[in-house]
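As numbered in this note's numbering, residues 144 to 242 make up the sequence shown, in order.
The C-beta atom is built at its ideal place from N, Cα and C for all residues, glycine as well.
Data first, discussion second: the structure below is written as structure tokens.
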Amino acid sequence: MKISEFLKLTDSTRMAQRTKDAVRMVLVDGMRVVDAARQTEMSKQQLQDAVGRVEAAHKAAQGMPDDWECVTVCVPPDQVDDVKEIERKAKRSAGLSSY
Numbered sequence: 144m145k146i147s148e149f150l151k152l153t154d155s156t157r158m159a160q161r162t163k164d165a166v167r168m169v170l171v172d173g174m175r176v177v178d179a180a181r182q183t184e185m186s187k188q189q190l191q192d193a194v195g196r197v198e199a200a201h202k203a204a205q206g207m208p209d210d211w212e213c214v215t216v217c218v219p220p221d222q223v224d225d226v227k228e229i230e231r232k233a234k235r236s237a238g239l240s241s242y
């Protein structure tokens with residue numbers, strides 16, 4: 144998730160700053176939940192729940208079905224269009240996009 148997306152999703156929440164920081168570590172920085180929880184002195188379960196809430200809001204903001212997963216992948220530049228095409232086809236098949 145990009146930092147701009149994360150900030151947009153969490154700016155209007157009542158989530159404590161410590162929780163926001165921990166969720167950012169996981170969703171933006173790519174840190175493991177267990178490591179972010181330890182660093183911010185949260186329980187793993189608390190952090191996992193908070194991550195789930197932000198991920199659900201992210202999916203909803205993008206119009207994605209609840210059972211879809213958002214993933215971040217790193218691929219060579221010449222494969223970026225291939226990955227984006229997979230998403231476009233899936234959206235068309237699900238009736239979520241007309242392009």
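With a Cβ-Cβ cutoff of 8 Å, do residue i and residue j count as a contact?
i	j	result
residue 162	residue 193	yes
residue 213	residue 227	no
Locate the alpha helix (DSSP H) running through residue i, then write down its first and last residues.
i	result
residue 236	223-236
residue 200	187-204
residue 327	Residue 327 falls outside the range modelled here, since the chain spans only 144 to 242, and no answer is possible.
residue 177	176-183
residue 166	160-170
Quick one: residues in its chain with C-beta nearer than 7 Å to the C-beta of residue i, no 5 flanking neighbours on either side, listed in chain order?
i	result
residue 197	152, 153, 166, 170
residue 177	187
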